[in-house]
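Protein chains in written order, with my numbering: chain A, 1 to 280; chain B, 1001 to 1270.
What follows is one structure encoded as structure tokens, with my remarks underneath.
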Amino acid sequence: MISSSTTESGTAVEVAGLSRVFPRRRGDDVRALEDVQLTVSQGEFVSLIGPSGCGKSTLLRIIADLDAPTAGSVTVFGKSAQQARLDQDYGIAFQQAGLLPWRSVADNVALPLELHGTGSRARKDRVAELLELVGLGDFARAYPDELSGGMQQRVAIARALAESPRLLLMDEPFGALDEITRERMQGELVRICAETGAAVVFVTHSIPEAVFLSDRVVVMTPRPGRIIDIVDSGPGDDGRRDDDFRDAAGFFHTVARVRELLHGGPGAHAVAAIRGVENR
Amino acid sequence: MSSMEAGTTATLRVRPLSDSRVTTLVAPALFGVLVIGAWQLAVQVFDIDPFIVPSPRAIYDALVDSRASVWEGMRGTGRNALYGLLIGAVIGILAALVANAVPVIDQMAAPIVAALSVVPIVALAPALYTMFGAAANTARVIVAAITVIIPVYFNTLRGLRQVRVVHRELMHVYAASPVQIARTVTLPTAVPYVFTGLRIASSLAVIAALIAEYFGGPVDGLGKAITTAAASSNYPLAWAYVIGAILLGLAFYVVTLLVELRVARHQPGT
């Protein structure tokens, strides 16, 4: 399975000179993103991390064509963000699971397939496969209000994967979960990504989460939102992303490196006034 | 691991009807029995004339003796109320859909609907009897329908605007067509609100259909029966028809409530 940027050529996401300004009445416009450059290769897992207001969610929303840049360009698989959305080139998961409460788990996962005209036979098979993938095979007929937060989030991930996208966009999908559920979901996401070979852009404010999951961690800073550094991460060539990796020296090194960057410590770029970073 | 999670969360859900306990039924029932007992006692002890207030015993006897005629009256008024409810619901829902889709119409309609909601609709009854003829039930159905339109319109319109941001963005991401968005997200979101409107409207429809009978029209409803019995000094019978009206209103309310609970069982309360 393809899980590293080095094993496959081609670009999933290309962001160049991207800026986003939210105009406000008094004239003190919010510069959410300023001159952002980022390339995500196919099959690569990239996390965007930074304190609130650093524009990480805005960047993800622009890639998803839920927002438009003020300046600069975004290409997704060589197309405009809008065209990529219309072609359904990516799957997306938000911090809220956003399931439709009146639909069963199976019907929620089937939603994108249904909207895009997949036949009911193929739809049924695919839904069963996806629910098995996220470990909810027994819950096809349950309704969202009967599931825990973690289970709802897994349904949302299954829905995001429904059309086998080559790119997965995730905006703090585990942000509302408790620590234990969260680590288990991270493990499952690593497994799912290995199985599907999709590129992932993952927004988080948790340093260990970003380091555990990512091939590269993009560290961002607010006011104006910009990238201060990109840190390589991973267990090395012979290692695996499992609980041993969480205890490995390399893991702690990378966590410390990202933390330094966020807090503007030794070796970091001069970064003023970064607060509110969670060290989960 | 999944089964453990389900075990702790699935039982937490509260279902409004099955959750009611014995005390919630016994306490009001006991209170009702006490009130009726005191009423019966008061009528006997103070020897109150039936035209002031008949005893519960006399009302019960009248109800049993004339049950066929009370049932007949309930069917007559109930039919008018039901037609009014259905017609009013269809118009109210369609109007809300149009107002939601075309903001200009919403802005134009808002003051009219607000004005309509304070007009005593039954006051139109005499004029409507003249328009449609006193031998037809049309006027009563129209009065009930107009009464129904307002709560159904307001609640449906409110429901159509409850679509969550995350659902709207999801549909945008899926590049869904306007028809798909309406069918998969907007309408299902509004459904519980529509049924809340229908529940409020259901008892209003019965009241409107019944009161409209006081102003004329054919003699086949509870309202007419109440005025006729009272005019012929048969007060216990008049009260027996009132009991019939209460039962009819309750039946409309309970049926729409059950439908509402069933339809909205997986959605947060409105």
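The beta-carbon is built from N, C-alpha and C at its ideal position, and this holds for glycine as well.
Note that the coordinates shown come from a computational prediction; the quantities given were computed from them, not determined experimentally.
>> Any beta carbon from chain B within less than 8 angstroms of residue 88 of chain A's own beta carbon?
In response: Residue numbering aside, residue 88 of chain A sits at position 88 when the first sequence is read from its first letter. Using a CB distance cut-off of 8 angstroms, residue 88 of chain A counts as an interface residue toward chain B.
>> I'd like to know whether the C-beta of residue 145 of chain A is nearer than 8 angstroms to at least one C-beta of chain B.
In response: Locating residue 145 of chain A in the first sequence gives position 145, counting from the first residue. Closer than 8 angstroms: yes.
> From this set, B:1036, B:1077 and B:1074, which residue's C-alpha is nearest residue 1060 of chain B's C-alpha?
Replying inline: Along the second sequence, read from residue 1 onward, the residue named residue 1060 of chain B stands at position 60. Of B:1036, B:1077 and B:1074, the residue nearest in Cα terms is B:1036.
> What three-state label does DSSP hand residue 241 of chain A in the structure shown?
Replying inline: Position 241 of the first sequence, counted from the start, is the residue given in the question as residue 241 of chain A. It is coil, neither helix nor strand.
>> Can you confirm whether residue 1169 of chain B, when its beta carbon is compared against all beta carbons of chain A, has any partner nearer than 8 angstroms?
In response: Counting from 1 along the second sequence, the entry for residue 1169 of chain B is found at position 169. Yes, because at least one Cβ of chain A sits closer than 8 angstroms to the Cβ of residue 1169 of chain B.
> Mind pulling the chain B residues with CB within less than 7 angstroms of residue 85 of chain A?
Replying inline: Stepping through the first sequence from its first residue, residue 85 of chain A is reached at position 85. By Cβ distance, chain B contributes 1173 and 1175.
>> Quick check on the burial criterion: 16 or more other C-beta atoms within 10 angstroms. Buried or exposed for residue 1203 of chain B?
In response: Looking up residue 1203 of chain B in the second sequence gives position 203. So residue 1203 of chain B counts as buried.
> Could you give the C-beta distance for residue 131 of chain A and residue 106 of chain A, rounded to a whole number, given that I count them as a contact under 8 angstroms?
Replying inline: Counting from one through the first sequence, the residue named residue 131 of chain A turns up at place 131. Counting from one through the first sequence, the residue named residue 106 of chain A turns up at place 106. Between residue 106 of chain A and residue 131 of chain A the Cβ distance is about 7 angstroms, and since that is below 8 angstroms, they are a contact.
> What did DSSP end up calling residue 171 of chain A once you bin it into helix, strand or coil?
Replying inline: Position 171 of the first sequence holds residue 171 of chain A. Three-state DSSP puts residue 171 of chain A in a strand.
>> Within 10 Å of its beta-carbon, does residue 61 of chain A have 16 or more other beta-carbons around it, so buried, or fewer, so exposed?
In response: The residue you call residue 61 of chain A lines up with position 61 of the first sequence. With a threshold of 16 other beta carbon atoms within 10 Å, residue 61 of chain A meets it and is buried.
>> Can you give me the C-alpha to C-alpha distance between residue 1012 of chain B and residue 1022 of chain B, rounded to a whole angstrom?
In response: On the second sequence, residue 1012 of chain B is found 12 positions in, with the first residue counted as 1. On the second sequence, residue 1022 of chain B is found 22 positions in, with the first residue counted as 1. Bear in mind that the predicted position of residue 1012 of chain B carries a pLDDT of just 42, short of 50, making it unreliable; the figure below should be weighed with that in mind. If I take the Cα positions, the gap works out to 20 angstroms.
>> Rounded to whole angstroms, what is the Cα-Cα separation between residue 277 of chain A and residue 264 of chain A?
In response: By 1-based counting over the first sequence, the position of residue 277 of chain A is 277. By 1-based counting over the first sequence, the position of residue 264 of chain A is 264. Bear in mind that the predicted position of residue 277 of chain A carries a pLDDT of just 46, short of 50, making it unreliable; the figure below should be weighed with that in mind. One C-alpha to the other measures close to 12 angstroms.
> Anyone know if the C-beta pair for residue 1157 of chain B and residue 1096 of chain B falls short of 8 angstroms?
Replying inline: Translated into the one-based positions of the second sequence, residue 1157 of chain B becomes position 157. Translated into the one-based positions of the second sequence, residue 1096 of chain B becomes position 96. Between residue 1157 of chain B and residue 1096 of chain B, the C-beta spacing is below 8 angstroms.
> Which one of B:1027, B:1241 and B:1245 has the shortest CA to CA distance from residue 1058 of chain B?
Replying inline: Against the second sequence, residue 1058 of chain B aligns to sequence position 58. Out of B:1027, B:1241 and B:1245, B:1241 has the C-alpha closest to the C-alpha of residue 1058 of chain B.
>> With distance defined between alpha-carbon atoms, name the residue in A:179, A:163, A:164 and A:137 nearest to residue 149 of chain A.
In response: The count along the first sequence starts at 1 and reaches residue 149 of chain A at position 149. For the set A:179, A:163, A:164 and A:137, the Cα lying nearest the Cα of residue 149 of chain A is the one of A:179.
> Buried or exposed: where does residue 1219 of chain B fall if 16 or more other Cβ atoms within 10 Å of its Cβ makes it buried?
Replying inline: Position 219 of the second sequence, counted from the first residue, corresponds to residue 1219 of chain B. Exposed, since its Cβ has fewer than 16 Cβ neighbours within 10 Å.
> Hey, out of B:1265, B:1211, B:1209 and B:1141, whose CA is closest to residue 1192 of chain B's CA?
Replying inline: Here residue 1192 of chain B refers to the residue found at position 192 when the second sequence is read from its first residue. Considering only alpha carbons, the answer is B:1265.
> Which chain B residues are close to residue 64 of chain A, counting only those with a beta carbon under 8 angstroms from its beta carbon?
Replying inline: Indexing the first sequence from 1 puts residue 64 of chain A at position 64. The answer, in chain order, is 1173.
> Roughly how many angstroms separate the alpha carbons of residue 51 of chain A and residue 185 of chain A, rounded to a whole number?
Replying inline: For the purposes of this step, residue 51 of chain A is taken as residue 51 along the first sequence, with counting starting at 1. For the purposes of this step, residue 185 of chain A is taken as residue 185 along the first sequence, with counting starting at 1. Using only the alpha carbons, I get a separation of about 22 angstroms.
>> In the DSSP output, which residue or residues are listed as bridge partners for residue 45 of chain A?
In response: Here residue 45 of chain A is taken as the residue at index 45 of the first sequence, counted from 1. Paired residue(s): A:200.
>> Quick check: the Cα distance between residue 1051 of chain B and residue 1246 of chain B, rounded to an integer number of angstroms?
In response: On the second sequence, position 51 is the one that residue 1051 of chain B refers to. On the second sequence, position 246 is the one that residue 1246 of chain B refers to. Cα-Cα distance, rounded: 20 angstroms.
> If we ignore side chains and look at the alpha-carbon of each, how far apart do residue 36 of chain A and residue 143 of chain A end up?
Replying inline: By one-based count along the first sequence, residue 36 of chain A stands at place 36. By one-based count along the first sequence, residue 143 of chain A stands at place 143. Residue 36 of chain A and residue 143 of chain A have their C-alpha atoms some 41 angstroms from each other.
> Under the rule that 16 or more other beta-carbon atoms within 10 Å means buried, what is residue 1130 of chain B, buried or exposed?
Replying inline: Against the second sequence, residue 1130 of chain B aligns to sequence position 130. It is exposed - the Cβ of residue 1130 of chain B has fewer than 16 other Cβ atoms within 10 Å.
>> Under 8 angstroms, Cβ to Cβ, is there at least one residue of chain B near residue 13 of chain A?
In response: The count along the first sequence starts at 1 and reaches residue 13 of chain A at position 13. Between residue 13 of chain A and chain B, the shortest Cβ-Cβ separation is not below 8 angstroms.
>> In whole angstroms, give me the CA-to-CA distance for residue 55 of chain A and residue 219 of chain A.
In response: Translated into positions along the first sequence, residue 55 of chain A becomes position 55. Translated into positions along the first sequence, residue 219 of chain A becomes position 219. Approximately 11 angstroms between the Cα atoms of the pair.
>> Considering only the alpha carbon of each residue, which of A:255, A:28 and A:205 lies closest to residue 175 of chain A?
In response: Here residue 175 of chain A is taken as the residue at index 175 of the first sequence, counted from 1. Ranking the options by Cα distance to residue 175 of chain A, first place goes to A:205.
> Is residue 276 of chain A helix, strand or coil when you go by DSSP?
Replying inline: Counted from its first residue, the first sequence places residue 276 of chain A at position 276. Bear in mind that the predicted position of residue 276 of chain A carries a pLDDT of just 42, short of 50, making it unreliable; the figure below should be weighed with that in mind. Of the three classes helix, strand and coil, the one that applies to residue 276 of chain A here is coil, per DSSP.
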